[in-house]
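There are 2 protein chains.
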Amino acid sequence: MTRQKLIELIRTRRTYLCVGLDTDITKIPRHLLSEPDPVFAFNKQIIDVTKDYCVGYKVNTAFYEALGLAGWEALEKTADYIPSTHFKIADAKRGDIGNTSAQYAKAFFDTLNFDAVTVAPYMGEDSIRPFLEYKNKWAIVLGLTSNEGAGDFELSSTIDNEFLYEKVIRKVSTWGNPENLMFVIGATKSNWFTQIRKIAPEHFYLVPGLGAQGGSLQEISTKAMNKDVGIIVNASRTIIYASDKEDFAAKAAAAARQYQTEMSSFL
Amino acid sequence: MTRQKLIELIRTRRTYLCVGLDTDITKIPRHLLSEPDPVFAFNKQIIDVTKDYCVGYKVNTAFYEALGLAGWEALEKTADYIPSTHFKIADAKRGDIGNTSAQYAKAFFDTLNFDAVTVAPYMGEDSIRPFLEYKNKWAIVLGLTSNEGAGDFELSSTIDNEFLYEKVIRKVSTWGNPENLMFVIGATKSNWFTQIRKIAPEHFYLVPGLGAQGGSLQEISTKAMNKDVGIIVNASRTIIYASDKEDFAAKAAAAARQYQTEMSSFL
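Chains as they are written, first to last, in our numbering: chain A, 69 to 335; chain B, 69 to 335.
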């Protein structure tokens, strides 16, 4: 998906919500467990009822890998089922030496046809570049994450008196451009957005951590948006686990619609 | 596998070689492509002929994921086939917020029964800790990697006048111990081993980058060993692609045997 198409979808649908499919088989409604593929059955219903309120879906690969082969099959079916009118993110946090990152890029862009994959920056340029070489595909590189562990290294100071995450964003920005590169900036770090926008004013940010992790939509929206909107805000648990009963789809739809309503007021 | 068991296997078999199963379907001998599962057929023969010369196998998940469902199936079969007398590493470079890392740990330790998984440190403590909570399982955390990109962030200086990779090793060491934590230190970085041993004297290092990436076995062995050996040295391409013809298994065995012979001289 191109940057222009993504912006159009956000403007038309009046939402920059991404629904996170962190589907944990121990948390889905029990009546789905008799389905041949409970995880996919759950995702299918979630997608059906939320697609009017969001601009994308983010599939967290860990929850699928935990189930082994059956999980990878649910991942493939889910990736196939997400409509082409939605930005499709593999939240996989991959990154390795160049020849290996090229295989990960192939896995997520060619084999699974995702639009974007999240990438860990620790190993540097050759670990990220293979993801930037696909036309109309995106690397979403970890910048400042939403978790407490962000304090351990991301917020450690470099000799140039900047934080490591700032160095990462500054340097990685020179390897890609706002058409093929985004950054992950956690919703819980909204106080930092103004500073981050100085380093990467044009790029889209994928902002996870809304809801269960405590980020505020208003703070994110007022501090992180740029003229092209420039943010995709992800919510997972507050939408997909809004209910663990038979009404889960209706409750998920209501939660997504509520985010969409609030987001439309910021657009 | 316990640390003591690993050391016993190294001493008994007189080798600290790890064979890297970075199995690329475009590089395996063509006669295997008619097999129902060419990647597993290849791995099975490689394991059969190299197991006397190595102490472990390292499966690079990227090459399997690139093939989609069939690849994940080959990964599962390969993990099953590696003998329990060998240290079984998932080279997966995973790492995410705590609840997600817990799912990755489940995937590789419970579902696939690996002994160890490689982990990226960027996101800090809660991204690593779930891997350290399994009895007799190992997190192998990226320290200083073998690739050129290591210069971008790992070798950037912190305000405390140490390199980022040193800070990572120093800090991560406090979260685990030499019984459940190793570090990845690239074979191409042998000049740094003396300094790294000052920070983490007891830990095992997984040392990739031998052969195709240019690392020297003699340099690694003389500079990085500790009293418990303390290193597992990985070779992938120089063993598994020693020949692309029908004699590939014999050639792989010869390459592995040669490493084993050299290693036994350093023990």
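We put the beta carbon where it would ideally sit given N, CA and C, even for glycine. It should be emphasised that the depicted structure is a prediction, and the values quoted were computed from it without experimental measurement.
- For Met-69(B), the closest alpha carbon among the candidates Thr-80(B), Thr-153(B) and Tyr-309(B) is that of Thr-153(B).
- For Ala-160(A), the secondary structure class from DSSP, reduced to helix, strand or coil, is strand.
- Contact with chain A is absent for Ile-114(B), since none of that chain's Cβ atoms lies less than 8 Å from the residue's Cβ.
- Considering only beta carbons, the part of the segment 181-212 of chain A lying closer than 7 Å to chain B consists of Ala-188, Pro-189, Tyr-190, Met-191, Gly-192, Glu-193, Asp-194, Ser-195 and Leu-210, in chain order.
- A check of alpha carbon separations from Ala-134(B) across Asn-204(A), Arg-305(A), Asn-181(A) and Leu-135(A) identifies Asn-181(A) as the nearest.
- Between Ile-196(A) and Val-240(A) the beta-carbon gap is near 6 Å, inside 8 Å, which marks them as a contact.
- Straight-line measurement puts the Cα of Cys-86(B) at about 32 Å from the Cα of Val-236(A).
- The alpha-carbon separation between Ala-170(A) and Glu-314(A) amounts to approximately 42 Å.
- When secondary structure is reduced to three states using DSSP, Ser-225(A) falls in the strand class.
- In this structure, the straight-line span from the alpha carbon of Lys-126(A) to that of Glu-287(B) is close to 45 Å.
- Think of a sphere of 7 Å around the beta carbon of Ala-134(B): the chain A residues whose beta carbon falls inside it are Gln-171, Lys-174, Ala-175 and Thr-179, in chain order.
- Below the 7 Å Cβ cutoff, chain A contributes Gly-192, Glu-193 and Lys-239 as neighbours of Asp-220(B), in chain order.
- Neighbours of Leu-137(A) in chain B, taken as residues whose beta carbon is under 8 Å from its own, are Leu-137, Trp-140, Glu-141 and Glu-144 in chain order.
- Listed as beta-bridge partners of Asn-294(B) by DSSP are Val-297(B).
- A direct Cα-Cα distance of roughly 33 Å separates Phe-272(B) from Asp-312(B).
- Around the Cβ of Leu-101(A), a 10 Å sphere holds fewer than 16 other Cβ atoms; the residue is exposed.
- The C-alpha of Met-331(B) lies about 25 Å from the C-alpha of Phe-110(B).
- For Thr-306(A), the enclosing alpha helix (DSSP H) covers residues 305-308.
- For Val-117(A), the CB contacts under 8 Å within the same chain, skipping 5 residues up- and downstream, are Ala-317, Ala-318, Ala-320, Ala-321 and Ala-324 in chain order.
- Judged by DSSP in its simplified three-state form, Leu-74(B) adopts helix.
- Put simply, of Ile-75(B), Gln-72(B), Leu-74(B) and Tyr-84(B) the residue whose alpha carbon is nearest the alpha carbon of Thr-329(B) is Tyr-84(B).
- Secondary structure at Tyr-273(B): strand, using DSSP grouped into helix, strand and coil.
- Secondary structure at Ala-138(B): helix, using DSSP grouped into helix, strand and coil.
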